[in-house]
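Each remark here refers to the structure printed beneath this line.
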Amino acid sequence: MTDAIEKITKGQEVAADVAALLRARNPLIWIVTREEARVERLLIEAAAAAAYAPQTWDVAQGICDMTGKQTVSAMDPGDALGNIRARAESGNQRTLTIMRDLPAWLAGPPGATTLRQLRNLARLLPGVPRDKAQAIIVLSPSGEVPPELSNHATVIEWPMPDREEIAAILDAAIRSLPDDMRADAAPNGTRDAAIDAAVGLTGEEAASCYARSIVQCRKIDPILVSKEKKRVIARERVLEWFDPLPGGLDAVGGLENLKTWLVARSAAYSPQARDYGLPAPKGAMLAGIPGCGKSLTAKAIATAWGVPLLRVDLGGLKSKFVGESESNLRKAFKVIEAIGRCVVWLDEIEKALQGATSGAADGGVSSDALGAILNWMQERSGEAFVIATANDVEGLPPELLRKGRFDEVWWVDLPTRVERLQILNAALNTHKRKLSSLDSKQHNNLLTATEGFTGSEIAALVPDALFAAFADGARELTARDLLDAAKTVVPLSKTAEEKLTRLRNWAKGRARPAGTPESISQAQAGERVLDL
Numbered sequence: 468m469t470d471a472i473e474k475i476t477k478g479q480e481v482a483a484d485v486a487a488l489l490r491a492r493n494p495l496i497w498i499v500t501r502e503e504a505r506v507e508r509l510l511i512e513a514a515a516a517a518a519y520a521p522q523t524w525d526v527a528q529g530i531c532d533m534t535g536k537q538t539v540s541a542m543d544p545g546d547a548l549g550n551i552r553a554r555a556e557s558g559n560q561r562t563l564t565i566m567r568d569l570p571a572w573l574a575g576p577p578g579a580t581t582l583r584q585l586r587n588l589a590r591l592l593p594g595v596p597r598d599k600a601q602a603i604i605v606l607s608p609s610g611e612v613p614p615e616l617s618n619h620a621t622v623i624e625w626p627m628p629d630r631e632e633i634a635a636i637l638d639a640a641i642r643s644l645p646d647d648m649r650a651d652a653a654p655n656g657t658r659d660a661a662i663d664a665a666v667g668l669t670g671e672e673a674a675s676c677y678a679r680s681i682v683q684c685r686k687i688d689p690i691l692v693s694k695e696k697k698r699v700i701a702r703e704r705v706l707e708w709f710d711p712l713p714g715g716l717d718a719v720g721g722l723e724n725l726k727t728w729l730v731a732r733s734a735a736y737s738p739q740a741r742d743y744g745l746p747a748p749k750g751a752m753l754a755g756i757p758g759c760g761k762s763l764t765a766k767a768i769a770t771a772w773g774v775p776l777l778r779v780d781l782g783g784l785k786s787k788f789v790g791e792s793e794s795n796l797r798k799a800f801k802v803i804e805a806i807g808r809c810v811v812w813l814d815e816i817e818k819a820l821q822g823a824t825s826g827a828a829d830g831g832v833s834s835d836a837l838g839a840i841l842n843w844m845q846e847r848s849g850e851a852f853v854i855a856t857a858n859d860v861e862g863l864p865p866e867l868l869r870k871g872r873f874d875e876v877w878w879v880d881l882p883t884r885v886e887r888l889q890i891l892n893a894a895l896n897t898h899k900r901k902l903s904s905l906d907s908k909q910h911n912n913l914l915t916a917t918e919g920f921t922g923s924e925i926a927a928l929v930p931d932a933l934f935a936a937f938a939d940g941a942r943e944l945t946a947r948d949l950l951d952a953a954k955t956v957v958p959l960s961k962t963a964e965e966k967l968t969r970l971r972n973w974a975k976g977r978a979r980p981a982g983t984p985e986s987i988s989q990a991q992a993g994e995r996v997l998d999l
């Protein structure tokens, strides 16, 4: 149906690597995957390319050919390994044995005998004559290979289905339909969305989602398919899924420079941009004053772009056990890569990485986390857009901020006069009120009263004023209610004035302003600058 199907998928590329390993007489290959059926189909191709006859083993059926017919009743792993040794010594066929359940039989003292058998075979098989060559592939959901086999086993992490493979699954689902349903199964403009929605699912999960969508909606519904990703995230327990922020970027007052940049970057995900060869955006660092919209912007991007928002809690991934923190972090990155197009939110990143630069006595956990993050951000090939937020940027390591980690570093300052009006309007809209319903003569007074307020402090005025109006006979909200609420606030710009000055000095020459400077924003808005 499309040229994408003709491209070599990631799974086919890895299968070609396996075929090369088999021809090079690698005796033991350890494949990390949860998708037995899908991976085995590709391993059959690899075995054929290397002139091996494939067979499978599991504890329920013993040794079977690829049709599922039992050829040797060897449910015990020791018997199965003994059969492989016999084939190597006196057989007449090159055989690849795919072992499904073996890892459970290699653990602890009870598995010592089986582990020794496998290790002896790994030493024996490379020297077997070519016509009797034997190889073993172990399928396992875990990449933890017993240390005794570390010198013998080649570990391969099998990739999740990519867009080309998902496209083939989608086309297969459509081809299975009656002729009168095929034309309407994937209406114009929804095919790419349906493929993107399923990226990150296993092949079986994608096929199941497409089938369920057809049964329920009589067509492929990308929204229904994408909901399955939430279940995948919950299963892994290393990421937090956030529901979309109503209103998207319109719910964020001010920050016009940043929002314009984000709108432009969203075009890089279109099919036209993909065909053009435009690289996917890497992400942005939002540094600045607390309460000025950094976290809100991260939530709004996902809504505006129509992609999932995943929050990485770097502090929550830390563990008291040596090496487990880095393992959790790398697991989170693998899930992100599998999900495909999404927004990844690293909130208050300076707190999680503080020990990497301050020499905290955490056993090097923070330094290892920083290394893992830097390596992933530099080498990743997926379409995840990373938004990192930071309040105290002075403690951030310089290597995190260099070009190549992020597309841009933005400075989020206190809102200007025009931005304060936009924030107030957005906050009123959130509570089903309108700025136009307030006395326009009081607008200037509101803007003057909120000078030096952060965005969150301005937004908090609305519920405070609503409480006051409700207590006074549930009357309509007025500008006076907002002004009275503003009088009770001591803004952060006063309580932390020295710190904000240091942060502004840091931002000069290091970051782009997310908002428009006061004088320029007023001129662009057509406002008269008054001496108030």
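In this text, residue positions in the sequence shown follow our numbering: the first is 468, and each later residue adds one. Using N, Cα and C, we set each Cβ at its ideal position, and we do this for glycine too. From a predicted model like this one, the values you see are computed outputs, not experimental measurements.
Straight-line Cα distance separating residue j from residue i
i: TYR677; j: LEU509; result: 22 Å
i: ASN493; j: PRO570; result: 19 Å
i: SER609; j: VAL499; result: 6 Å
i: GLY478; j: ALA953; result: 59 Å
i: TRP625; j: VAL779; result: 24 Å
i: LEU420; j: LYS686; result: It is not possible to answer for residue 420, since the shown part of the chain is limited to 468 through 999.
i: VAL481; j: VAL605; result: 15 Å
i: GLU632; j: GLU671; result: 12 Å
i: GLY535; j: ASP659; result: 36 Å
i: LYS975; j: ALA857; result: 16 Å
i: THR562; j: GLN601; result: 5 Å
i: SER794; j: VAL956; result: 44 Å
i: ILE854; j: LYS798; result: 19 Å
i: MET627; j: LEU644; result: 26 Å
i: ARG450; j: VAL506; result: The question about residue 450 has no answer, for the chain in this structure spans 468 to 999.
i: ASP470; j: ARG630; result: Confidence in ASP470 is poor, its pLDDT being 44 and thus under 50, which makes the residue's placement too unreliable to answer from.
i: LYS474; j: PHE852; result: 25 Å
i: ASP1009; j: ARG808; result: Here the chain comprises residues numbered 468 to 999, so residue 1009 is not present and cannot be evaluated.
i: ALA767; j: LYS726; result: 10 Å
Host alpha helix (DSSP H) of residue i (start-end)
i: SER923; result: 922 to 938
i: CYS684; result: 670 to 684
i: TRP772; result: 761 to 772
i: VAL506; result: 503 to 516
i: GLU965; result: 964 to 974
Bridge-paired residues (DSSP) for residue i
i: ASP525; result: GLY529
i: MET566; result: TRP524, VAL605
i: GLY422; result: Not covered by the structure: residue 422. The range shown for the chain is 468 to 999.
i: ALA620; result: LEU495
i: GLY755; result: VAL879
i: GLN444; result: This structure cannot settle anything about residue 444, because the visible part of the chain is limited to 468 through 999.
i: PRO980; result: TRP878
Own chain residues within Cβ distance below 6 Å of residue i, not counting five before or after
i: ASP568; result: ASP525, VAL526
i: VAL789; result: For VAL789, the pLDDT reaches just 47, beneath the cut-off of 50, and the residue's location in the model is therefore unreliable, although a value from the coordinates is still provided. Nothing listed; no residue qualifies.
8 Å Cβ cutoff met for residue i and residue j
i: ILE496; j: ILE623; result: yes
i: LYS749; j: GLY755; result: no
i: ILE758; j: LEU959; result: Per the sequence shown, residue 758 should be read as Gly rather than Ile. The answer is yes: Cβ separation under 8 Å.
i: ALA589; j: LEU616; result: yes
i: ALA514; j: ALA520; result: yes
i: THR538; j: GLN522; result: yes
i: THR581; j: LEU573; result: yes
i: ALA541; j: GLY529; result: yes
Where the beta strand (DSSP E) containing residue i begins and where it ends
i: ARG872; result: ARG872 -> no beta strand (DSSP E), and no H or E assigned at all.
i: GLU886; result: It is not in any beta strand (DSSP E) - GLU886 instead sits in the alpha helix (DSSP H) that spans 884 to 897.
i: SER607; result: 601 to 607
i: VAL811; result: 809 to 813
Beta-carbon proximity list for residue i, same chain, < 8 Å, skipping 5 on both sides
i: THR968; result: none
i: GLN683; result: LEU691
i: ALA935; result: ASP948, ASP951, ALA952
Own chain residues within Cβ distance below 7 Å of residue i, not counting five before or after
i: ILE890; result: GLY720, GLY721, PRO882, GLY922, ILE925, ALA926
i: GLU695; result: LEU668, GLU672, CYS676
i: ALA734; result: ALA740
i: ALA487; result: none
i: ALA661; result: LEU637, ALA653, ILE687, PRO689, VAL692
i: LEU868; result: MET752, VAL876
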